[in-house]
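Novice: For what it's worth, the numbering used here labels the leading residue of the sequence shown as 5, then goes sequentially.
We treat Cβ as the ideally placed atom computed from N, Cα and C, and that holds for glycine.
Right, I'll just put the structure down here and ask away after.
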Amino acid sequence: MVDGDTIHVALNGRDETVRLIGVDTPETVHPEKPVEPYGPEASAFTKSRLNGKTVYLEFDVQERDKYGRLLAYVWLDRPDEITDAEIRKKMFNAFLLLEGYAQLLTVPPNVKYADHFVRYQREAREASKGLWGLEPDAQTRTDRQTKIGAQQTPAQSNSPKPNTQSSGAVQGTGGYDCPAGYPIKGNINSKGEKIYHVPGGQFYDKTKPEMCFKTPGDAEKAGFRASKR
5 MVDGDTIHVA
15 LNGRDETVRL
25 IGVDTPETVH
35 PEKPVEPYGP
45 EASAFTKSRL
55 NGKTVYLEFD
65 VQERDKYGRL
75 LAYVWLDRPD
85 EITDAEIRKK
95 MFNAFLLLEG
105 YAQLLTVPPN
115 VKYADHFVRY
125 QREAREASKG
135 LWGLEPDAQT
145 RTDRQTKIGA
155 QQTPAQSNSP
165 KPNTQSSGAV
175 QGTGGYDCPA
185 GYPIKGNINS
195 KGEKIYHVPG
205 GQFYDKTKPE
215 MCFKTPGDAE
225 KAGFRASKR
């Protein structure tokens with residue numbers, strides 16, 4: 005294990021580093037960053053659940069990042085079928101979000117379970133689990149916001165953990181407002197539809213955003229459609 009969201013596995017006679025898709029735990033081993041709040045707890049959780057265990061790797065569109073790491077969803081048991089219940093019960097990426105050890109990190113094109121992950125983070129945040137239960141000052145240091153654009157980095161990226169301000173999207177604050185510079189509200193409704201709302205729209209002021217975008221184009225790139233009103 006490297007830290008909460010990066011592990012080592014023995015695969016086909018080789019030691020492989022695996023970066024878990026869709027999640028971002030607080031830093032503990034970054035050479036240029038201090039240990040972040042709730043990072044040690046996240047690392048300990050991953051170690052306790054995965055060390056010495058047989059796991060099953062599922063890949064998305066990209067199999068590796070520019071650093072040669074495998075990018076995977078880590079299953080503790082093979083799913084009988086891909087359902088929300090199976091993901092909650094058997095996928096370790098989901099555990100990290102549901103228990104508040106990680107924050108959502110959505111990076112196209114590896115977004116197969118993104119809709120599920122958005123819900124899991126929202127549940128953990130509303131229940132103040134894990135890092136969501138930290139004191140405000142500590143949570144602010146930990147909250148790097150949802151990043152779209154570079155976790156599973158394409159070749160042109162220079163950093164495994166990007167500057168969210170250049171990505172065009174950030175995670176919602178949990179309230180009704182979006183951060184300055186990200187006025188477009190992205191919401192996932194009860195039917196799982198991704199809809200974005202622009203200032204002045206009928207439902208804009210009533211919408212709690214899961215994500216906020218700089219422009220409608222950024223929202224559409226993330227799979228959201230415009231509200232009809």
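May I have a chain-ordered list of the alpha helix (DSSP H) segments no shorter than 4 residues that lie completely inside the segment 16-65?
Specialist: 43-54, all fully within the segment 16-65.
Novice: Does the distance from the CB of V78 to the CB of N97 come in under 8 Å?
Specialist: Position 74 of the sequence shown holds residue 78. Position 93 of the sequence shown holds residue 97. Contact flag set, yes.
Novice: According to DSSP, simplified to helix, strand and coil, what is G72?
Specialist: Numbered from its first residue, the sequence shown carries residue 72 at position 68. In this structure, G72 counts as coil in the three-state DSSP scheme.
Novice: Does DSSP classify I192 as helix, strand or coil?
Specialist: By 1-based counting over the sequence shown, the position of residue 192 is 188. I192: strand per DSSP, three-state reduction.
Novice: Given a cut-off of 8 Å, decide if Y105 and T29 are closer than it, judged by their beta-carbon atoms.
Specialist: Working through the sequence shown from its first residue, we reach residue 29 at position 25. Working through the sequence shown from its first residue, we reach residue 105 at position 101. Yes. Within cutoff.
Novice: Going straight from the alpha carbon of A76 to that of N55, what length do you get?
Specialist: In the sequence shown, residue 76 corresponds to position 72, counting from 1. In the sequence shown, residue 55 corresponds to position 51, counting from 1. In a straight line, the C-alpha of A76 is about 17 Å away from that of N55.
Novice: Could you check the C-alpha separation between G227 and C216 for me, to the nearest Å?
Specialist: Taking the first residue of the sequence shown as position 1, residue 227 is located at position 223. Taking the first residue of the sequence shown as position 1, residue 216 is located at position 212. Going from the Cα of G227 to the Cα of C216 covers about 13 Å.
Novice: When burial is assigned at 16 or more other CB atoms within 10 Å of the CB, is I188 buried or exposed?
Specialist: For this step, residue 188 is matched to residue 184 along the sequence shown. Under this definition I188 is a buried residue.
Novice: Examine chain B for any beta-carbon lying closer than 8 Å to the beta-carbon of D84, and answer yes or no.
Specialist: Of the chains in the structure shown, none is chain B; there is only one protein chain.
Novice: Nearest-angstrom Cα distance between K218 and E67?
Specialist: As a position in the sequence shown, residue 218 is number 214, starting the count at 1. As a position in the sequence shown, residue 67 is number 63, starting the count at 1. K218 and E67: Cα-Cα distance of roughly 29 Å.
Novice: Do you know offhand how far D19's Cα is from G176's?
Specialist: For this step, residue 19 is matched to residue 15 along the sequence shown. For this step, residue 176 is matched to residue 172 along the sequence shown. Computed Cα separation, rounded: 37 Å.
Novice: Along the chain, where does the beta strand (DSSP E) that runs through V174 open and close?
Specialist: Taking the sequence shown and counting its residues from 1, the one referred to as residue 174 is at position 170. Per DSSP, V174 belongs to the beta strand (DSSP E) from A173 to Q175.
Novice: Using a 10 Å radius around the Cβ and a threshold of 16 neighbouring Cβ atoms, would you call R23 buried or exposed?
Specialist: Counting from 1 along the sequence shown, the entry for residue 23 is found at position 19. R23 should be labelled buried.
Novice: Please list, in chain order, all residues of the same chain as V13 whose beta carbon is under 6 Å from its beta carbon, the five residues on each side excluded.
Specialist: Position 9 of the sequence shown, counted from the start, is the residue given in the question as residue 13. E20 and V22, listed in sequence order.
Novice: Distance, Cα to Cα, C182 vs D7?
Specialist: The residue you call residue 182 lines up with position 178 of the sequence shown. The residue you call residue 7 lines up with position 3 of the sequence shown. Cα to Cα, the separation comes out at about 31 Å.
Novice: Just to confirm, is the Cβ distance from E90 to A128 under 8 Å?
Specialist: Along the sequence shown, read from residue 1 onward, the residue named residue 90 stands at position 86. Along the sequence shown, read from residue 1 onward, the residue named residue 128 stands at position 124. No, these two residues do not count as a Cβ contact at 8 Å.
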